[in-house]
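For reference, the structure is listed below as structure tokens.
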Amino acid sequence: AQSLRDDIDTARVTIRGASSGGYTSLVAISFGPEHKFYKVSMSYSGVADLALLAKLTHKFELKYMNKLLGG
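Positions 73 to 143 (my numbering) are the ones given, in order, by the sequence shown.
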């Protein structure tokens, strides 16, 4: 990776997020070309297991969650 700025060490780039941003940080370090770019991922209250979330979600909220997850 390269940076347009001299004050960024591209060998030590991290990503972090909370809630859906936490999920995004986990995905970014796990899949796709970005997974080799980030050295550390921090997830604050992010969902790590979507299948378990769907299983444990109250029926009332499940329809909304399925839309968010693309179902």
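The beta-carbon is built from N, C-alpha and C at its ideal position, and this holds for glycine as well.
- Across the structure, Gly93 and Lys111 are spaced so that their CA atoms are roughly 17 Å apart.
- With contacts defined by Cβ atoms closer than 8 Å, Ser97 and Ser115 form a contacting pair.
- DSSP lists Ile87 as the bridge partner or partners of Ser113.
- Asp78 and Val85 have their C-alpha atoms some 14 Å from each other.
- In the three-state reduction of the DSSP assignment, Val99 falls in the helix class, which pools H, G and I.
- A Cβ-Cβ contact shorter than 8 Å links Ala90 with Ser117.
- Assigned with DSSP and collapsed to three states, Leu134 falls in helix.
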